[in-house]
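Below is one structure, written out as structure tokens, with a few remarks after it.
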Amino acid sequence: MVTLKPRFPGELILLAQRDPLALFQCMAAAGGERGGEMVRAGIGPRELFLLNHPDLVRALLAYTGDALIKERALRLSRIVLGTGLVTSDGALHRQQRRLLLPGFHQRQVAASAEVMVALTQQRAAGWRPGEVIAVDTEMMRLTLEIAAKALFGAELRGEVGELQRAVLIALTIFDRHRNPFAELLNRLPLPATVRVWRARRRIEQTVRRFIQERREGGTASADILSLLLAARDEETGIGLTDAQIRDEIVTLLLTGHETTAVALTWTWYFLARHPGVEARLHAEVDAVCGERSPTFDDVKTLTYTRQVVSEALRLRPPVWAVSRQAVAEVEIGDYLFPRGATLVVCQYALHRDPAWWREPERFRPERFAAEAEPPLRKFTYLPFSGGPRGCIGEHFAWTECILVVAALARRWRLQAAEEEPIGLRPSITLRPDRPVRMRLVRR
Numbered sequence: 171m172v173t174l175k176p177r178f179p180g181e182l183i184l185l186a187q188r189d190p191l192a193l194f195q196c197m198a199a200a201g202g203e204r205g206g207e208m209v210r211a212g213i214g215p216r217e218l219f220l221l222n223h224p225d226l227v228r229a230l231l232a233y234t235g236d237a238l239i240k241e242r243a244l245r246l247s248r249i250v251l252g253t254g255l256v257t258s259d260g261a262l263h264r265q266q267r268r269l270l271l272p273g274f275h276q277r278q279v280a281a282s283a284e285v286m287v288a289l290t291q292q293r294a295a296g297w298r299p300g301e302v303i304a305v306d307t308e309m310m311r312l313t314l315e316i317a318a319k320a321l322f323g324a325e326l327r328g329e330v331g332e333l334q335r336a337v338l339i340a341l342t343i344f345d346r347h348r349n350p351f352a353e354l355l356n357r358l359p360l361p362a363t364v365r366v367w368r369a370r371r372r373i374e375q376t377v378r379r380f381i382q383e384r385r386e387g388g389t390a391s392a393d394i395l396s397l398l399l400a401a402r403d404e405e406t407g408i409g410l411t412d413a414q415i416r417d418e419i420v421t422l423l424l425t426g427h428e429t430t431a432v433a434l435t436w437t438w439y440f441l442a443r444h445p446g447v448e449a450r451l452h453a454e455v456d457a458v459c460g461e462r463s464p465t466f467d468d469v470k471t472l473t474y475t476r477q478v479v480s481e482a483l484r485l486r487p488p489v490w491a492v493s494r495q496a497v498a499e500v501e502i503g504d505y506l507f508p509r510g511a512t513l514v515v516c517q518y519a520l521h522r523d524p525a526w527w528r529e530p531e532r533f534r535p536e537r538f539a540a541e542a543e544p545p546l547r548k549f550t551y552l553p554f555s556g557g558p559r560g561c562i563g564e565h566f567a568w569t570e571c572i573l574v575v576a577a578l579a580r581r582w583r584l585q586a587a588e589e590e591p592i593g594l595r596p597s598i599t600l601r602p603d604r605p606v607r608m609r610l611v612r613r
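In our numbering, the protein residues as written are 171 to 613.
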């Protein structure tokens with residue numbers, strides 16, 4: 171194990187608060203080519219351990235005991251997400267996951283594909299050649315509409331813009347977790363906190379409408395909302411409370427659309443800067459789809475499109491880091507970690523490790539081809555995390571990304587409206603640091 175030493179007192183604390191990506195990259199680089207499978211850093215009173223080797227990453231993500239709980243950021247976000255799937259731990263998390271998993275099975279994802287394509291085409295119907303759009307905003311609104319319709323059978327109608335603004339405000343709660351006083355700030359009626367409270371109430375207003383319309387309509391469905399309404403305790407036969415249902419819907423609506431929207435935004439960003447890749451993707455979409463809309467069956471055939479999305483997510487993983495807090499001494503791999511330790515896997519750093527990736531900073535989709543050499547090593551590529559606590563909707567998200575890209579690429583090219591590279595803003599996901607402006611060109 172290597173210990174990262176600060177160049178001056180407080181350096182690592184400043185890095186952790188201002189630029190966590192730089193901190194983790196410094197830690198990863200400190201290990202060098204040998205002995206760097208794990209790097210330790212003291213961040214004030216905290217002990218931070220960065221796990222760099224795929225065997226350690228697998229061991230951490232596969233751990234299901236009670237000695238590790240979710241990271242501080244997720245615990246603090248309960249002010250917005252409640253105790254839904256993303257913020258829960260232990261037996262409650264396992265119960266929630268079992269309940270929701272059928273809603274993300276292959277059959278249900280296939281049934282959602284038509285919704286994904288239809289809503290994509292509906293959004294693009296308002297586009298005009300030569301128009302400049304903020305593609306990050308467009309993708310956020312699109313994936314919010316898809317999540318509402320596909321997961322909960324609900325139409326957002328004309329409220330998508332207002333709801334998206336509320337979601338963005340609510341998710342600012344994640345940006346506070348690096349503040350040592352975040353728990354206190356979340357309880358005080360400060361202007362920023364009050365805005366989060368109001369945003370949560372606005373989101374809950376929409377979610378209550380979802381629930382009310384389904385109960386009044388009584389429509390039979392296999393979507394997530396139906397699973398939540400039909401759920402019964404095995405021993406008591408009692409169903410979920412409205413608060414429990416609301417927490418699960420808010421969690422899936424907010425986190426589910428965010429990761430996919432960011433994934434799509436970065437995919438368009440890289441396509442616009444690599445015209446050869448864009449041309450090859452267009453050729454594949456034209457060959458597979460012709461004049462018809464893409465379908466779920468096309469997903470397995472759109473192999474280069476998947477490679478493009480995969481490479482975009484290697485360089486810009488939506489879930490850019492995963493961490494666990496040790497509430498008791500715990501053994502992971504061959505290491506014994508003390509109580510209070512924070513264990514981190516930084517996908518942003520792992521996806522760039524030259525030990526596992528050739529030319530790691532180069533955008534090269536063909537590295538994900540089935541015949542690529544060297545073959546991809548397991549647990550070196552984790553754009554949506556992994557293990558028993560990994561993203562429950564990962565298959566849904568991959569399907570959505572591929573179909574949205576194909577549906578739009580049939581008719582449009584998205585050209586960069588600005589030459590300046592877009593920076594990174596690590597929050598709940600790895601967001602762009604400013605609007606991603608693109609010019610629409612009709613194909």
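No residue lacks a Cβ here, since even glycine has one placed at the ideal position from N, Cα and C. Since this is a predicted model, take the numbers as computed values, not measurements.
Fill in: Beta-carbon proximity check, ALA579 vs ARG607, cutoff 8 Å
Along the sequence shown, one-based indexing puts residue 579 at 409. Along the sequence shown, one-based indexing puts residue 607 at 437. Cβ distance not < 8 Å, so ALA579 and ARG607 don't count as in contact.
Discussion item. Using a 10 Å radius around the Cβ and a threshold of 16 neighbouring Cβ atoms, would you call GLN266 buried or exposed?
Written reply: Taking the first residue of the sequence shown as 1, we reach residue 266 at position 96. Classification of GLN266: buried, given that the 10 Å Cβ count is 16 or more.
Discussion item. Can you tell me whether GLN517 is buried or exposed? The criterion is at least 16 other CB atoms within 10 Å of its CB, across all chains shown.
Written reply: As a position in the sequence shown, residue 517 is number 347, starting the count at 1. Answer is buried; the Cβ neighbour count reaches 16.
Item to complete: Please determine if the segment 254-266 and the segment 417-426 are in contact, where contact requires at least 3 C-beta pairs separated by less than 8 Å.
Response: Yes, the segment 254-266 is in contact with the segment 417-426.
Discussion item. In whole angstroms, give me the CA-to-CA distance for ARG188 and VAL514.
Written reply: Position 18 of the sequence shown holds residue 188. Position 344 of the sequence shown holds residue 514. ARG188 and VAL514: Cα-Cα distance of roughly 17 Å.
Discussion item. If you follow the alpha helix (DSSP H) that ILE394 is in, where does it begin and where does it stop?
Written reply: Your numbering for residue 394 matches position 224 in the sequence shown. Its alpha helix (DSSP H) spans residues 394-400.
Practice prompt. Evaluate contact between the segment 443-450 and the segment 325-335, counting only Cβ atoms and requiring at least three cross-stretch pairs below 8 Å.
Written response: Too few Cβ pairs lie closer than 8 Å, so no.
Worksheet item: Expressed to the nearest angstrom, what Euclidean distance is found between the alpha-carbon atoms of VAL478 and PHE344?
Response: Here residue 478 is taken as the residue at index 308 of the sequence shown, counted from 1. Here residue 344 is taken as the residue at index 174 of the sequence shown, counted from 1. CA-CA distance, VAL478 to PHE344, rounds to 29 Å.
Discussion item. At the level of alpha carbons, what is the spacing between ILE308 and TRP297?
Written reply: Taking the sequence shown and counting its residues from 1, one reaches residue 308 at position 138. Taking the sequence shown and counting its residues from 1, one reaches residue 297 at position 127. Checking the sequence, you will find Glu at residue 308 rather than Ile. Their backbone Cα atoms lie some 10 Å apart in a straight line.
Item to complete: Over the uninterrupted beta strand (DSSP E) stretch that includes ARG607, give me the two end residues.
Response: Walking along the sequence shown from the start, residue 607 turns up at place 437. Looking at the DSSP string, the run of the beta strand (DSSP E) that includes ARG607 is 607-612.
Fill in: GLN187 in three-state terms, based on DSSP
Here residue 187 is taken as the residue at index 17 of the sequence shown, counted from 1. Helix.
Fill in: CB of PHE533 within 8 Å of CB of LEU485, strictly
On the sequence shown, residue 533 is found 363 positions in, with the first residue counted as 1. On the sequence shown, residue 485 is found 315 positions in, with the first residue counted as 1. For PHE533 and LEU485, yes; Cβs fall inside 8 Å.
Worksheet entry | Own chain partners of GLU181 with C-beta closer than 6 Å, once the 5 adjacent residues on each side are dropped | To locate residue 181, count along the sequence shown from 1; it is residue 11. Cβ neighbours of GLU181 beyond the five flanking positions: none.
Discussion item. Looking only at its chain, what residues have a beta carbon closer than 8 Å to the beta carbon of ASN222, apart from the 5 residues adjacent to it on each side?
Written reply: As a first step, residue 222 must be located in the sequence shown, where it is residue number 52. Cβ neighbours of ASN222 beyond the five flanking positions: ALA198, GLY201, GLY206, GLU207, MET208, VAL209, ALA519, LEU520, ASP523.
Worksheet item: Per DSSP, what kind of secondary structure is GLY446 in: helix, strand or coil?
Response: Indexing the sequence shown from 1 puts residue 446 at position 276. DSSP places GLY446 in helix when its eight states are reduced to three.
Worksheet entry | DSSP state of ARG267 mapped onto helix, strand, coil | In the sequence shown, the residue the question calls residue 267 occupies position 97. Residue state, collapsed to three classes: helix.
Practice prompt. Specify the secondary structure class of PRO535 as computed by DSSP and reduced to three states.
Written response: Position 365 of the sequence shown, counted from the start, is the residue given in the question as residue 535. In the three-state DSSP reduction, PRO535 falls in the helix class (H, G or I).
Practice prompt. Output the distance between the C-alpha atoms of GLN375 and HIS275, rounded to the nearest integer angstrom.
Written response: Numbered from 1 along the sequence shown, position 205 holds the residue referred to as residue 375. Numbered from 1 along the sequence shown, position 105 holds the residue referred to as residue 275. C-alpha separation (whole angstroms): 28 Å.
Worksheet item: How is SER480 classed by DSSP in three states: helix, strand or coil?
Response: For the purposes of this step, residue 480 is identified with residue 310 of the sequence shown, where counting begins at 1. Helix.
Fill in: Burial state of PRO464, where buried means 16 or more other Cβ atoms lie within 10 Å
On the sequence shown, position 294 is the one that residue 464 refers to. If you draw a 10 Å sphere on the C-beta of PRO464, you find 16 or more other C-beta atoms in it, and that means buried.
Worksheet item: Applying the criterion that 16 or more other CB atoms from any shown protein chain within 10 Å of the CB defines a buried residue, is ASP412 buried or exposed?
Response: Within the sequence shown, residue 412 is the residue found at index 242, counting from 1. ASP412 should be labelled exposed.
Practice prompt. Take the Cβ of VAL432 as the centre, count every other Cβ of all protein chains shown within 10 Å, and call the residue buried at 16 or more, exposed below.
Written response: Taking the first residue of the sequence shown as 1, we reach residue 432 at position 262. Label assigned to VAL432: buried.
Fill in: Sub-8 Å separation of ASP306 and PRO487 beta-carbons
In the sequence shown, residue 306 corresponds to position 136, counting from 1. In the sequence shown, residue 487 corresponds to position 317, counting from 1. Cβ distance not < 8 Å, so ASP306 and PRO487 don't count as in contact.
Worksheet item: Between ALA229, ARG416, ASN356, LEU193, which lies nearest to ILE502 when the distance is taken from Cα to Cα?
Response: Within the sequence shown, residue 502 is the residue found at index 332, counting from 1. Closest option to ILE502, Cα to Cα, is ALA229.
Practice prompt. Only counting runs of 4 or more residues, tell me where the alpha helix (DSSP H) segments fall wholly within the segment 519-599, in order along the chain.
Written response: Runs of the alpha helix (DSSP H) inside the segment 519-599: 564-579.
Fill in: Residue from ASP467, LEU244, THR437, TRP367 with nearest C-alpha to ALA491
Taking the sequence shown and counting its residues from 1, the one referred to as residue 491 is at position 321. Of ASP467, LEU244, THR437, TRP367, the residue nearest in Cα terms is LEU244.
Worksheet item: Of all the options GLN585, ARG379, PRO596, which has the alpha carbon lying nearest to the alpha carbon of GLU301?
Response: Here residue 301 is taken as the residue at index 131 of the sequence shown, counted from 1. Ranked by Cα distance from GLU301, the options GLN585, ARG379, PRO596 are led by GLN585.
Worksheet item: Hey, out of ALA352, ALA237, GLY510, whose CA is closest to SER247's CA?
Response: Counting from one through the sequence shown, the residue named residue 247 turns up at place 77. Closest by alpha carbon: ALA352.
Worksheet item: Using 8 Å as the Cβ pair cut-off and three pairs as the minimum, do the segment 276-288 and the segment 314-323 touch?
Response: Look at the beta carbons and you see the segment 276-288 touching the segment 314-323: at least three pairs across the two are nearer than 8 Å.
Practice prompt. With a threshold of 16 other CB atoms inside 10 Å of the CB of GLU531, please say whether the residue is buried or exposed.
Written response: Indexing the sequence shown from 1 puts residue 531 at position 361. With fewer than 16 other Cβ atoms within 10 Å, it is exposed.
Discussion item. So, at 7 Å on beta carbons, what are the nonlocal neighbours of ILE213 in its own chain, with the 5 sequence-adjacent residues on each side left out?
Written reply: Taking the first residue of the sequence shown as 1, we reach residue 213 at position 43. Answer for ILE213: LEU182, ILE183, ALA186, listed in chain order.
Worksheet item: Is LEU513 helix, strand or coil by DSSP?
Response: What you label residue 513 is simply residue 343 of the sequence shown in a count that begins at 1. For LEU513, the three-state secondary structure derived from DSSP is strand.
Worksheet entry | Unbroken alpha helix (DSSP H) run spanning LEU355, endpoints | Taking the sequence shown and counting its residues from 1, the one referred to as residue 355 is at position 185. Per DSSP, the unbroken alpha helix (DSSP H) holding LEU355 starts and ends at 352-355.
Worksheet entry | DSSP three-state assignment for PRO361, whether helix, strand or coil | By 1-based counting over the sequence shown, the position of residue 361 is 191. DSSP places PRO361 in the helix class (H, G or I) of the three-state scheme.
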